[in-house]
Amino acid sequence: MVRDLPRDARPREKLLTRGPQALADAELLALLLRTGTAGQSVLVLAQQLLERFGGLSGLLQATPAALAPVKGLGPAKRAELLAVTEMVRRALAERLRERPVLDSPAAVADVLRLQLGHRAHEVFAVLFLDNQHRLIALEELFRGTLDQTSVYPREVALRALHHNAAAVILAHNHPSGAREPSAADAALTRALKDALGLLDIRVLDHLIVTRAGCTSMAQRGLV
């Protein structure tokens, strides 16, 4: 049990005396969880969660449905984990509103991985940007199997006009984990670029999102 550890080795005391950077991932998570289960310390529970979801990144991408069956995670703990995830997502989005997104490709990737990387179905999202390429809004517009027949350029254009966007970054996830754009992805990008170009709205990139990271179609010469 945590209380059996020397005082300076307990996660809370360790954090307060040495700072949060001194704690291992399991110790940080244990502070959030606070209690374990019968016969299992909170540190053991935290370590098992990290192993089950593939580390902190995987845990932060976990859906409510994925967390629900985990022994030791009641409604209160699940709510806290999901709240932390949302706080991280919003903090990253705030960074993108403060400076051009093209100066922060890692932050863009982090936001999109948290937003889309864990989804079991395809989701198409758009980052709407002002004329200095700062984030105005991130919206999920379409779900399901994504191709030119299911993603409507008119709807994307209407949302861009609503936000008075000067540019956009397109994004959608690949639940399969495939990092490379497909031929359908390239065709969809061309259709949206042509439609938005008529309104003088630039398509800066189209990102393929997986749990492992993002692939830029612009870097592949497909935008």
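Quick note: the sequence shown uses the numbering used here, first residue 58, plus one each step. The beta-carbon is built from N, C-alpha and C at its ideal position, and this holds for glycine as well.
**Asked** In angstroms, rounded to a whole number, what distance separates the CA positions of A194 and H219?
**Response** Rounded to the nearest angstrom, the two C-alpha atoms are 11 Å apart.
**G291 versus A103, S233 and P210, residue with shortest Cα-Cα distance** = Nothing in the structure corresponds to residue 291, since the chain is present only between 58 and 280.
**Item:** Bounding residues of the alpha helix (DSSP H) (the contiguous stretch that carries G270)
**Value:** Counted as a single uninterrupted DSSP element, the stretch harbouring G270 is not any alpha helix (DSSP H) but the beta strand (DSSP E) occupying residues G270 to S273.
**Message:** Assuming E179 is part of the alpha helix (DSSP H), what are its boundary residues?
**Reply:** Membership of E179 in any alpha helix (DSSP H) is not indicated, and neither H nor E is assigned to it by DSSP.
**Prompt:** Is V99 near R170, with beta carbons less than 8 Å apart?
**Reply:** Their beta carbons are not under 8 Å apart, which means V99 does not touch R170 by this criterion.
**Message:** I need the DSSP call for R69, collapsed to helix, strand or coil.
**Reply:** If DSSP states are grouped into helix, strand and coil, R69 belongs with the helices.
**Given T94 as reference, the closest of G112, K134 and L184 once Cα atoms are compared** = When C-alpha distances from T94 are compared across G112, K134 and L184, the shortest belongs to K134.
**Message:** Within the continuous alpha helix (DSSP H) that includes L149, where are the two ends?
**Reply:** Counting along the chain, the alpha helix (DSSP H) containing L149 begins and ends at P132 to E155.
**Asked** Taking the Cβ atom as the reference point for each residue, do A268 and G115 lie within a distance shorter than 8 Å?
**Response** First, the residue type needs correcting, since residue 268 is Arg and not Ala in the sequence shown. Yes. Within cutoff.
**Message:** I need the straight-line Cα distance from L184 to R67, nearest angstrom please.
**Reply:** Each residue's alpha carbon lies about 42 Å from the other.
**Prompt:** By the 10 Å Cβ neighbour count, where 16 or more other Cβ atoms means buried, how is G174 classified, buried or exposed?
**Reply:** With 16 or more other Cβ atoms within 10 Å, it is buried.
**Asked** For E151, does the count of other Cβ atoms within 10 angstroms reach 16, so buried, or fall short, so exposed?
**Response** The residue is exposed, with fewer than 16 neighbouring Cβ atoms inside 10 Å.
**Request:** Within 10 angstroms of the Cβ of D257, are there 16 or more other Cβ atoms? Answer buried if so, exposed if not.
**Result:** So D257 counts as exposed.
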